[in-house]
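With our numbering as the guide, the letters of the sequence shown map in order to residues 7 to 131. Where is the CB? At the ideal position from N, CA and C, for every residue including glycine.
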Amino acid sequence: MILTRVVGYPYVFHPFYLATQVDDEFATCVALLHDLVEDHGDKYNFDTLLEMEFPIEIVNALRVLTHKKDVPYMEYIETISKNEIAREVKIQDLKHNLDIRRMDGVKSKKYDMYIVALKYLEECK
């Protein structure tokens, strides 16, 4: 089974694209893994990643990027703004998610919220 998001493209294209948009190897690793715990928490968690000897900087950025359902979205974004690696990856994630070509011409229900979040994170640089 191939996981897809938005207009039928395999999901794997999304993290690979993000990885090409960031500046260093830690950010590249975080970009590739940014949805891992959120989407596959039954198999992978932060302790698992530490046991696999991922650097703490990567695990901390992934921890910040993992949106807990009980945390309001803008509070989540504010937390991301305080971690340089997470902020860099989330900016690219939002830009990619806002790309109208990936939406089959229909804006996501989250579009306006993503615009606000992107502006906030870019101002925090």
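1. Should the region 34-44 be called in touch with the region 59-72, which here means at least 3 C-beta pairs below 8 Å?
2. Cα separation between residue 89 and residue 127?
3. Thinking C-beta only, is residue 40 closer than 7 Å to residue 77?
4. If distances are taken between C-alpha atoms only, which option among 46, 56, 49, 60 comes closest to residue 31?
5. In whole angstroms, what separates the C-alpha of residue 27 from that of residue 105?
6. Check for me: the alpha helix (DSSP H) holding residue 64 runs from which residue to which?
7. DSSP state of residue 21, grouped into three classes?
8. Using DSSP with H/G/I as helix, E/B as strand and the rest coil, what is residue 7?
9. Would residue 64 and residue 123 qualify as a contact pair, given that the criterion is a beta-carbon distance under 7 Å?
10. How would you call residue 93, buried or exposed, if buried means at least 16 neighbouring beta carbons within 10 angstroms?
11. Distance, Cα to Cα, residue 66 vs residue 49?
12. What's the gap between the Cα of residue 56 and the Cα of residue 62?
13. So, using beta-carbon positions, are residue 120 and residue 100 closer together than 7 Å?
To lay it out plainly:
1. Counting Cβ pairs under 8 Å, three or more are found: they touch.
2. Here residue 89 refers to the residue found at position 83 when the sequence shown is read from its first residue. Here residue 127 refers to the residue found at position 121 when the sequence shown is read from its first residue. Our two residues, residue 89 and residue 127, have alpha carbons roughly 11 Å apart in a direct line.
3. As a working note, residue 77 is residue 71 in the sequence shown. As a working note, residue 40 is residue 34 in the sequence shown. Against a cut-off of 7 Å, the Cβ pair of residue 40 and residue 77 comes out as no contact.
4. Position 25 of the sequence shown, counted from the start, is the residue given in the question as residue 31. The option with the nearest alpha carbon to residue 31 is 60.
5. Your numbering for residue 27 matches position 21 in the sequence shown. Your numbering for residue 105 matches position 99 in the sequence shown. Between the C-alpha atoms of residue 27 and residue 105 there is a straight-line separation of about 14 Å.
6. By 1-based counting over the sequence shown, the position of residue 64 is 58. Where residue 64 is concerned, the enclosing alpha helix (DSSP H) stretches over 62-71.
7. Reading the sequence shown from its first residue, position 15 is the one you call residue 21. Reduced to three states, the DSSP call for residue 21 is helix.
8. Counting from 1 along the sequence shown, the entry for residue 7 is found at position 1. The predicted position of residue 7 is uncertain, since its pLDDT is 45 and thus under 50; a value taken from the coordinates is nonetheless stated next. Three-state result, residue 7: coil.
9. Walking along the sequence shown from the start, residue 64 turns up at place 58. Walking along the sequence shown from the start, residue 123 turns up at place 117. Contact flag unset, no.
10. In the sequence shown, residue 93 corresponds to position 87, counting from 1. That one is buried.
11. Taking the first residue of the sequence shown as position 1, residue 66 is located at position 60. Taking the first residue of the sequence shown as position 1, residue 49 is located at position 43. Distance between the alpha carbons of residue 66 and residue 49 is about 18 Å.
12. If you number the sequence shown from 1, residue 56 lands on position 50. If you number the sequence shown from 1, residue 62 lands on position 56. Residue 62 has its alpha-carbon roughly 7 Å from the corresponding atom of residue 56.
13. Residue mapping note: residue 120 aligns to position 114 of the sequence shown, counting from 1. Residue mapping note: residue 100 aligns to position 94 of the sequence shown, counting from 1. Result yes, Cβ atoms of residue 120 and residue 100 sit closer than 7 Å.
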